[in-house]
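Residue numbers (our numbering), protein chains in the order written: chain X, 1 to 648; chain L, 1 to 151. Think of the CB as a built atom: it goes at the ideal place given N, C-alpha and C, for glycine as much as any other residue. Here the structure is laid out as C-alpha cells; the discussion comes afterwards.
This is the structure:
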C-alpha cells in the first residue's frame, strides 16, 4: 500500500519536473516574469513529492513492510531501529532514492534563498537542477525502483549488510557524502544558468556559486574524513586509506572543488580564470556523477558496489549528455569568458593560486587515471589488473608536500605584486618553524623523505598562516585597544572568508601531521595469548584477561578483554550476524594525544583457551579526525554571511 | 583574434611539454605498479616471468591443506583453481573460520622456491546474500565456539 503511494508520488514528480523544465525556459523566452513562479512551484512540488516517497520508505522500513522490494532486500525484524532507518542508504535503490531526495532539497533551497534575485540566472539554474532531478527520478521509476511489489510477502528479511550495521559512523558518513556529492550539482546549475542567461560576463554568479561550493565542500570533506574513520574503526586492518576506487571516487571531485574555491578568489579579485572556473565547476559535477557510476554500477567490487545491473548504462548516458551540453555552452560563451585582468607579477598571491590549481589538477588526473586504468585494461586487453598503492603514493606524495608548502606561500604574498624586500620579509621567517618541525620529525624517528618533508612544510605553512592571524589581531589591538582574544574573534568575524580559509588550512596541517606520522612510524605486534599472558607495544604491556561470548538480539559476539599497563582496557570483538558467512571484525581503539592503541581480535580457540590479537600503535592518528573537524569549522566560518557591524 | 602572438606560442609549447612530461611520468608509474589478478593456473603458465613480481592470486583453499601454527603465527596452505595448485605462505593469523574450499585472494610474490609469499590475504565474499545452509548458521558455529568457555 505504502509502496504504491510512494511510487505514485514519484510518477507525479516525473510529470511535475517535465512541466517545470518546459515552463521555465518558455517564461524566459516570452519575457513572462509572472510565469517564473510556476517553475519555482515545480521545484518545491518535486521536493514535496520526493519527500513523500522517502518518508514512505522509512515508514516501510520501520514497520517491516516486506511487500516493498527494498525492505525485503535490506530489512530484518532483528535489526535495531537506528540501523533499520539508516538502511535507507544501505543498498542501491534506497541510496538512489536518498540521493534524489537530497537533490530535490538542494533545488528547493536554491529557489528559497535566491528567488528574489532579479535576472534569469536563478530561473535557469533551478531549471538545470530539475533536469538533474529528472535523471534520478527516471532511475527511481525504472532500473532502481525501490518500491517494486513483492509477492508472496516474506515474513522476515536478511537485514542490512553486516559491515554497514556494525558502527554508528554508518549513520554519519553516507548522508554527509550525499550532501557533499549532490551539492556539487548546485554550482554546476549556476554555471549553466550563468551561461544561458548571459550573466557569465559578470562575476556575481561566482560569488553565489562559491558559497554553495564551500557548503558542499565542507560536507564532502567531513564525509571523506568520516569514511576514513569508519574504515579505520570497522575493517580491522588499522588503516584509513588504501586508494580504493571508492575512496578515490569521493576524493577526485574534492580536489577540483578545492581548486575552484581558490581560483574563484582570483576571478573575483582580478577578473581572471573565468573559462577555467566554469570548467572546474562543470568538471567537479561530472566527476561526482562518474564517482556514482563507479560505485553504483557494480563494475568495481567493494563494500559500496551493490549489484550489477543496467543502471551503469544510464549513468554513462547521463555523463555523456552533461559533457556534451556543457561543452556546447562553454564553447558558445567562450568570448564572454575571456580574461579581462592580467598577471602583474610572478611574486603575487594569484601566482600561488595558479600553482595551487595546477598541482590540484595534476593530483586529480593522477588519481583519476589510476582509478580508471583497471577498467580500461580489462576492456581493452581483457586482463584483470589493479593499480597498487605504490603507484598512488609515488605519484601523489610529491604533489601533496608541494601543496603544503604553497599553503604557506599563498597567504603570505599580497595580491598583484610584491617587492623583493616584501617577498624576503614574508617568505624567509617561516623557514625557522620549518626547521624545527623537520628536527621534530627526525627525533620522532621518521626517516622517509616525504614524511620529513610533510613535517617541514607543515611547519613552514603553519608559521605563515599563524602570522596572518597575528598581524591582523595586532593591528586591531593597536587601532581599537582590544584584548588579544577579542581582537582575534573580531578579526575572523570581520573577514570570515579569508580567515575561515586559514582556519581550514590549520585543519589540513593536523591531517598532514597525522598521516605523515602514522604512515611512517606505525608498529604492530601480533601474538596468540593465553589468559594472563601479555605482549609489549609502544612501551605498554598488554595482558589478556579473558575471552568471552555474549548474545545480542541481532548478533552474537565473541570478545577478548585486554588490560593496558598504563591503565584502562581494550575489548576487540568479532560480531557474528545471522546473514553473514564471516564474522565482522570489531576492533577497539584507545586514543591518546600521541596516538592510538588499536586492538583487533584475529582468532580464538573454542574454549577461550587463547586468543590471537593484533595490537597496532598508530602515532598521531587522532589528529587526523581532529583536523577534519577544524577543516569543517573553517568552512563554516567562511560560509556564514558577513554580519554588518556598526564600526565596519 | 587572427594571429597568434609570440607569448601564446610559448604558452602552448610550455603546456605541451608539461602535459607530455606528466603523461610520461604517469605511464611509467602505472607500468611498474600494476598488479595482475591471476589464478594459480595462469600464474604457473607464466613460467619464469611469474616469479618475484607482485601478483594478486585468487582461488580456493585446497581441502586439508591448511597448516596453522598459532605460536609462530605461521600459515601455510595450497591455493587451487582446479587446474593448478600453488603453495602459499603467510605470516599472521588467518581470518576467523578460514576453512577448506573457501574463496580467497592473496597478494604477494611467487618465489623461485615454489612458495607464494603472501603479504595480505582477503576472503572473497559475495556482495549478494544467500540464506545460510543448515549447520552453517553463524550462531550455531558461535555456540560451538564458546561452548565450555564459561562465559
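Check                                                                                                                              : Outcome
Beta carbon proximity, residue 6/L to chain X, threshold 8 Å                                                                       : no
Anticipated Cβ contact below 8 Å, residue 185/X with residue 285/X, distance rounded                                               : 6 Å
Contact belief for residue 214/X with residue 278/X at Cβ below 8 Å, rounded distance in angstroms                                 : Not really, about 18 Å apart at Cβ, beyond 8 Å.
Distance, residue 621/X Cα to residue 79/L Cα                                                                                      : 36 Å
Inter-residue Cα distance where the pair is residue 325/X and residue 114/L                                                        : 56 Å
Under 7 Å (Cβ pairs) to chain L, residues found in the stretch 384-397 of chain X                                                  : 384, 385, 386, 387, 388, 390, 391, 394 and 395
Assigned secondary structure, residue 7/X (DSSP; H/G/I helix, E/B strand, else coil)                                               : helix
Identified DSSP bridge partners for residue 113/L                                                                                  : None; residue 113/L has no bridge partner.
N-terminal and C-terminal residue of the alpha helix (DSSP H) that residue 629/X is part of                                        : 621-639
First and last residue of the uninterrupted alpha helix (DSSP H) at residue 251/X                                                  : 245-270
Assigned exposure category for residue 254/X - 16 Cβ within 10 Å defines buried                                                    : buried
Where the beta strand (DSSP E) containing residue 64/X begins and where it ends                                                    : Premise fails: residue 64/X is in no beta strand (DSSP E) and is neither H nor E.
Residue 575/X: first and last residue of the uninterrupted beta strand (DSSP E) it sits in                                         : 573-576
C-beta neighbour in chain L for residue 369/X, strict 8 Å                                                                          : yes
Minimum C-alpha distance to residue 145/X - residue among 151/X, 137/X and 152/X                                                   : 137/X
Residue 374/X and residue 385/X closer than 8 Å at C-beta                                                                          : yes
Cβ-based neighbour list, residue 96/X, same chain, cut-off 7 Å, excluding 5 preceding and 5 following                              : 136, 139, 140 and 144
Option nearest residue 293/X by Cα separation, candidates 250/X, 394/X and 265/X                                                   : 250/X
Partners in chain L for residue 362/X, counting only beta-carbon separations shorter than 8 Å                                      : 22
Short CB-CB distance (under 8 Å) between residue 292/X and chain L                                                                 : no
Member of 121/L, 54/L, 86/L and 91/L whose CA lies at the smallest distance from the CA of residue 39/L                            : 86/L
CB of residue 431/X within 8 Å of CB of residue 513/X, strictly                                                                    : no
Residues near residue 90/L in its chain [Cβ-Cβ closer than 6 Å; skip 5 each side]                                                  : 75, 118 and 121
Which listed residue (525/X, 495/X and 625/X) has its alpha carbon closest to that of residue 599/X                                : 525/X
Contacts that residue 12/L makes with chain X (C-beta to C-beta distance below 8 Å)                                                : Going along chain X, no residue has its Cβ under 8 Å from residue 12/L, so there is no contact; the nearest lies around 15 Å.
Nearest to residue 497/X (by Cα), restricted to the options 147/X, 35/X, 104/X and 637/X                                           : 637/X
Per DSSP, cross-strand counterpart(s) of residue 103/L                                                                             : 60/L
Buried or exposed by the 16-neighbour rule on C-beta atoms within 10 Å, applied to residue 565/X                                   : exposed
Straight-line Cα distance separating residue 296/X from residue 312/X                                                              : 7 Å
Reduced DSSP category for residue 77/X - H, G, I as helix; E, B as strand; rest coil                                               : coil
Residues sharing a beta bridge with residue 664/X, DSSP                                                                            : The structure shown does not extend to residue 664/X, since chain X is modelled only from 1 to 648, so the question has no answer here.
Beta-carbon proximity list for residue 64/L, same chain, < 8 Å, skipping 5 on both sides                                           : 100
Any chain L beta carbon closer than 8 Å to residue 137/X                                                                           : no
Residue 426/X burial status per 10 Å Cβ neighbour count (16 or more: buried)                                                       : buried
Chain-order list of residues whose beta-carbon lies under 7 Å from that of residue 80/X (same chain, five-residue window excluded) : 554
Closer than 8 Å to chain L by CB, residue 582/X                                                                                    : yes
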